[in-house]
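Visitor:
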Amino acid sequence: MMKNMKDLQKNVDKMKSQLETIFATGISGAGMVEITINGKYVITDIKIDKAIVDPEDVNTLQVLIAAAFNNASENLQQKLQEESAKMAGSFGNMFGQN
758 MMKNMKDLQK
768 NVDKMKSQLE
778 TIFATGISGA
788 GMVEITINGK
798 YVITDIKIDK
808 AIVDPEDVNT
818 LQVLIAAAFN
828 NASENLQQKL
838 QEESAKMAGS
848 FGNMFGQN
C-alpha cells in the first residue's frame, strides 16, 4: 500500500512538472485573435491580425483578447481533464483495478 501511495505521489508530481508542456489555443473574432496558454495558464503566444487594430476602437480588441483567453482556458481545462483521466486509469492499475 505504501508503495502505491509513493507511486501515486510520483505520478502527481510528474503531472505538475508536465503542466508547462501542455498547451491550448483559443481563438476569437473569426481567427483575428489567437492566444496560446500552457497548463499553468501562462500566456505563451498571442497573435492579433492587424486588421482588428484600431486606435479608435480599443474596446473591440479588448473584448476579442478576453474571449480568446477564455476559449483557451476552456480548451486547456478539457485537455487537463483528459490527462487526469489517463492518470486515474494508471492509478486503478496500480491498485489492481481495471
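So the number in my numbering is just where the residue sits in the sequence shown, counting from 1, plus 757. For every residue, glycine included, the Cβ atom is placed at its ideal position computed from N, Cα and C.
Comparing alpha-carbon positions, which option in 788, 832, 830 and 842 lies nearest residue 807?
Guide: 788
Visitor: On the three-state DSSP scale, how would you describe residue 783?
Guide: In the structure shown, residue 783 sits in a strand (DSSP, three-state: E or B).
Visitor: Which whole-angstrom value is the C-beta distance of residue 792 and residue 782, which I expect to be below 8 Å?
Guide: 7 Å
Visitor: Tell me which residue opens and which closes the beta strand (DSSP E) that residue 802 is part of.
Guide: 800-805
Visitor: Quick one: measure Cβ to Cβ for residue 784 and residue 825, integer angstroms, because I've assumed they're closer than 8 Å.
Guide: 6 Å
Visitor: Taking the beta carbon of residue 829 as the centre, do at least 16 other beta carbons fall within 10 Å, making it buried, or is it exposed?
Guide: buried
Visitor: Between which two residues does the beta strand (DSSP E) containing residue 790 stretch?
Guide: Start and end: 790-795.
Visitor: Going by C-alpha distance, which of 798, 765, 811 and 821 is nearest residue 835?
Guide: 798
Visitor: Quick one, which of 765, 796 and 786 has its alpha-carbon nearest residue 845's?
Guide: 765
Visitor: For residue 843, is the classification buried or exposed, using 16 other Cβ atoms within 10 angstroms of its Cβ as the cut-off for buried?
Guide: exposed
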